[in-house]
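Shown next, in structure tokens, is the structure this report addresses.
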Amino acid sequence: MPAPLSRAREKLLARLGSRRTREREGLVLVEGPRAIGVALEAGVRIRFVLVADGLPPDPSEPLSRTLAAIRAAGIEELVIPADDLARHADTQTPQGILAVVEEPAATMDDLRPPPPGAGSAPALLLVLDRIQDPGNAGTLIRAAAAFGAAGVVALDGTVDPWNPKVVRSSAGEAFRLPVVRESWEVFDAWRRRHGVPLHVADAGGVDVRTLGAGLRVAGPAEPVASDAAPAAIEALLIGNEGAGPRPEALASADTLLALPLAAGVESLNAAMAGSILLWALGPGGSRSGAPPS
Numbered sequence: 179m180p181a182p183l184s185r186a187r188e189k190l191l192a193r194l195g196s197r198r199t200r201e202r203e204g205l206v207l208v209e210g211p212r213a214i215g216v217a218l219e220a221g222v223r224i225r226f227v228l229v230a231d232g233l234p235p236d237p238s239e240p241l242s243r244t245l246a247a248i249r250a251a252g253i254e255e256l257v258i259p260a261d262d263l264a265r266h267a268d269t270q271t272p273q274g275i276l277a278v279v280e281e282p283a284a285t286m287d288d289l290r291p292p293p294p295g296a297g298s299a300p301a302l303l304l305v306l307d308r309i310q311d312p313g314n315a316g317t318l319i320r321a322a323a324a325f326g327a328a329g330v331v332a333l334d335g336t337v338d339p340w341n342p343k344v345v346r347s348s349a350g351e352a353f354r355l356p357v358v359r360e361s362w363e364v365f366d367a368w369r370r371r372h373g374v375p376l377h378v379a380d381a382g383g384v385d386v387r388t389l390g391a392g393l394r395v396a397g398p399a400e401p402v403a404s405d406a407a408p409a410a411i412e413a414l415l416i417g418n419e420g421a422g423p424r425p426e427a428l429a430s431a432d433t434l435l436a437l438p439l440a441a442g443v444e445s446l447n448a449a450m451a452g453s454i455l456l457w458a459l460g461p462g463g464s465r466s467g468a469p470p471s
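Residue numbering for the sequence shown follows my numbering, starting at 179 and increasing by one per position.
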């Protein structure tokens, strides 16, 4: 039988809409069986789960699997009236399940380059620079996970990576890799200390396809042949949807990268461009083979 939520939990759920509360409490509100299922697989601690009363007798396969995993893990499950769940959901058509999850703790130390010899291809770090739209941020985080990035840094001015809309847009993939909130100054000092090259997406940059095997870029100008060993980890910065990267990032970039577009097409949105660059710089992208002739 469904039961109403306690006043304390009602208040907690309402407060988790605030970034300040999420950061203070270290809690994230996650919606939908897919995202909650990924959190479970990633080993994230789940405080409790809310399930809407009156779910169909044969729930969808993702929901069925997630509920089974929740029960197997002994996580507290509260069945509440569907209208109560809808009040705390972030979508017009709620998916019948919400979870309050502990935010995975991650710092810049979790993004340290792997030891020498750990792999031939450099690991890639996604840096979000003042990305404002939750859908764009979530899509970029999802792409980072899909293309094997080592982690994500959300710089100051970026939408909270644990905003429920961001988590939903990432399909929960934010739980699979380290996600760090940090200032530009701290990130830049960290990457210089560790010798991490910074690639910045910019329309005035060099064609990303020129970064083939055996090539590097000397500053933001032109690719040159190189026998030097690649860095263990590299960073790709995607700038604000309208204003682009911050001036400090452009000034300190090792590489400015651009995507070749058809005549008459001015630009792609941040999520699409960033996803393509994540693939291109990743193990399956343009640098895994010979550069274009």
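Cβ atoms here follow ideal geometry from the backbone N, Cα and C, with glycine treated the same way.
Small disclaimer: the values here were computed from a predicted structure and weren't measured.
Practice item. Could you check the C-alpha separation between F226 and W340 for me, to the nearest Å? Key: The residue given as residue 226 occupies position 48 in the sequence shown. The residue given as residue 340 occupies position 162 in the sequence shown. If you take the alpha carbons of F226 and W340, they lie about 17 Å apart.
Point to revise | Unbroken stretches of the alpha helix (DSSP H), 4 residues or longer, contained in the region 261-328 | key: 312-324
Review point. If you draw a straight line from the C-alpha of A315 to the C-alpha of V344, how long is it?
Key: Stepping through the sequence shown from its first residue, residue 315 is reached at position 137. Stepping through the sequence shown from its first residue, residue 344 is reached at position 166. Taking the straight line joining both Cα atoms gives about 6 Å.
Check your understanding: In the region 327-397, which residue ranges form an unbroken alpha helix (DSSP H) of at least 4 residues, counting only runs that do not cross its ends?
Key -> 342-347, 362-371
Review point. Should the region 314-331 be called in touch with the region 423-433, which here means at least 3 C-beta pairs below 8 Å?
Key: no
Exercise for review: Output the distance between the C-alpha atoms of L194 and N447, rounded to the nearest integer angstrom.
Suggested key: The residue labelled residue 194 in the question sits at position 16 within the sequence shown. The residue labelled residue 447 in the question sits at position 269 within the sequence shown. Approximately 29 Å between the Cα atoms of the pair.
Exercise for review: Starting from the C-beta of A449, find all residues in its chain whose C-beta is less than 6 Å away, skip the five residues before and the five after it, and write them out in chain order.
Suggested key: Residue mapping note: residue 449 aligns to position 271 of the sequence shown, counting from 1. Excluding residues within five positions, the ones whose Cβ falls inside 6 Å are N314, T317, L318.
Exercise for review: Given a cut-off of 8 Å, decide if A436 and V386 are closer than it, judged by their beta-carbon atoms.
Suggested key: On the sequence shown, residue 386 is found 208 positions in, with the first residue counted as 1. On the sequence shown, residue 436 is found 258 positions in, with the first residue counted as 1. Cβ distance < 8 Å, so V386 and A436 count as in contact.
Review point. When DSSP builds the beta bridges, which residues end up paired with G195?
Key: For the purposes of this step, residue 195 is taken as residue 17 along the sequence shown, with counting starting at 1. Looking at the DSSP assignment, G195 forms no beta bridge with any residue, so it has no partner.
Check your understanding: Is the beta carbon of L376 sitting closer than 8 Å to the one on V278?
Key -> Residue 376 sits at position 198 when you count from the first residue of the sequence shown. Residue 278 sits at position 100 when you count from the first residue of the sequence shown. No.
Check your understanding: A192: which of A349, A264, A458 sits nearest, CA to CA?
Key -> As a working note, residue 192 is residue 14 in the sequence shown. Answer by Cα proximity: A264.
**Study point:** Start-to-end residues for the alpha helix (DSSP H) that takes in E426
**Key:** As a first step, residue 426 must be located in the sequence shown, where it is residue number 248. Note, E426: alpha helix (DSSP H), 425-430.
**Study point:** Rounded C-alpha distance that separates H266 from L190
**Key:** Taking the sequence shown and counting its residues from 1, the one referred to as residue 266 is at position 88. Taking the sequence shown and counting its residues from 1, the one referred to as residue 190 is at position 12. Their Cα atoms are separated by approximately 10 Å.
Review point. According to DSSP, which residues form a beta bridge with V216?
Key: Translated into the one-based positions of the sequence shown, residue 216 becomes position 38. Beta-bridge pairing links V216 to no other residue.
Exercise for review: Excluding the 5 residues preceding and the 5 following A136 in the sequence, name in chain order all residues of the same chain whose CB lies nearer than 7 Å to its CB.
Suggested key: Within the shown structure, residues of the chain are numbered from 179 to 471, placing residue 136 beyond reach of any answer.
Exercise for review: In the DSSP assignment, find the unbroken alpha helix (DSSP H) run with E239 in it and report its ends.
Suggested key: Locating residue 239 in the sequence shown gives position 61, where the first residue counts as 1. Unbroken alpha helix (DSSP H) run through E239: 239-250.
Check your understanding: Under a Cβ-count criterion, where at least 16 other Cβ atoms within 10 Å of its own Cβ denotes burial, should A421 be classed as buried or exposed?
Key -> Reading the sequence shown from its first residue, position 243 is the one you call residue 421. Under this definition A421 is an exposed residue.
Point to revise | Spatial neighbours of P180 in its chain, beta-carbon cut-off 6 Å, leaving aside the 5 residues before and after | key: Taking the first residue of the sequence shown as position 1, residue 180 is located at position 2. Same-chain partners within the cutoff: D231, V257, I258, P259.
Review point. Alpha carbon to alpha carbon, what distance is there between V337 and R370?
Key: On the sequence shown, residue 370 is found 192 positions in, with the first residue counted as 1. On the sequence shown, residue 337 is found 159 positions in, with the first residue counted as 1. Computed Cα separation, rounded: 25 Å.
Review point. Rounded to whole angstroms, how far is the Cβ of E255 from the Cβ of R200, which I believe are closer than 8 Å?
Key: Taking the first residue of the sequence shown as position 1, residue 255 is located at position 77. Taking the first residue of the sequence shown as position 1, residue 200 is located at position 22. Not quite, the Cβ-Cβ distance comes to about 22 Å (not below 8 Å), so this is no contact.
Point to revise | Three-state secondary structure assigned by DSSP to G422 | key: Along the sequence shown, one-based indexing puts residue 422 at 244. Residue state, collapsed to three classes: strand.
Check your understanding: With V305 and L415 assumed to form a contact (beta carbons below 8 Å), what rounded beta-carbon distance in angstroms separates them?
Key -> Taking the sequence shown and counting its residues from 1, one reaches residue 305 at position 127. Taking the sequence shown and counting its residues from 1, one reaches residue 415 at position 237. That belief holds up - the Cβ atoms of V305 and L415 are roughly 4 Å apart, short of 8 Å.
**Study point:** Per-residue DSSP class, three states only, for I253
**Key:** Here residue 253 corresponds to residue number 75 of the sequence shown, with the count starting at 1. Residue state, collapsed to three classes: coil.
Review point. Exposed or buried, A396, counting other C-beta atoms within 10 Å across all chains shown (16 or more means buried)?
Key: As a first step, residue 396 must be located in the sequence shown, where it is residue number 218. With a pLDDT of only 42 at A396, under 50, the local geometry of the prediction cannot be trusted, and the value read off the model is given with reservation. Exposed, because fewer than 16 other Cβ atoms sit within 10 Å of the Cβ of A396.
Review point. What is the DSSP secondary structure of E444, reduced to helix, strand or coil?
Key: On the sequence shown, residue 444 is found 266 positions in, with the first residue counted as 1. Correct three-state label for E444: coil.
Check your understanding: At which residues does the beta strand (DSSP E) containing V227 begin and terminate?
Key -> Sequence index remark: in the sequence shown, residue 227 carries index 49 (1-based). From DSSP, the beta strand (DSSP E) with V227 extends over 224-230.
Point to revise | Local Cβ density within 10 Å of G392, reported as buried at 16 or more and exposed below that | key: Working through the sequence shown from its first residue, we reach residue 392 at position 214. Note that G392 scores a pLDDT of 39, beneath 50, so its modelled location is shaky and nothing firm can be said.
Practice item. Could you spell out where the beta strand (DSSP E) holding A410 opens and where it closes? Key: As a working mapping, residue 410 is identified with position 232 in the sequence shown. A410 -> no beta strand (DSSP E), and no H or E assigned at all.
Review point. Nearest to I253 by CA position, among E203, R223, P234, G326, is which residue?
Key: Residue numbering aside, residue 253 sits at position 75 when the sequence shown is read from its first letter. Answer by Cα proximity: R223.
Check your understanding: In terms of residues, what are the limits of the beta strand (DSSP E) holding L439?
Key -> Numbered from 1 along the sequence shown, position 261 holds the residue referred to as residue 439. Where L439 is concerned, there is no enclosing beta strand (DSSP E), given that its DSSP letter is neither H nor E.
Practice item. Taking W368 as the reference, give the member of A283, E219, G460, L333 with the closest Cα. Key: Here the question's residue 368 lines up with position 190 in the sequence shown. For W368, the nearest C-alpha among the options comes from L333.
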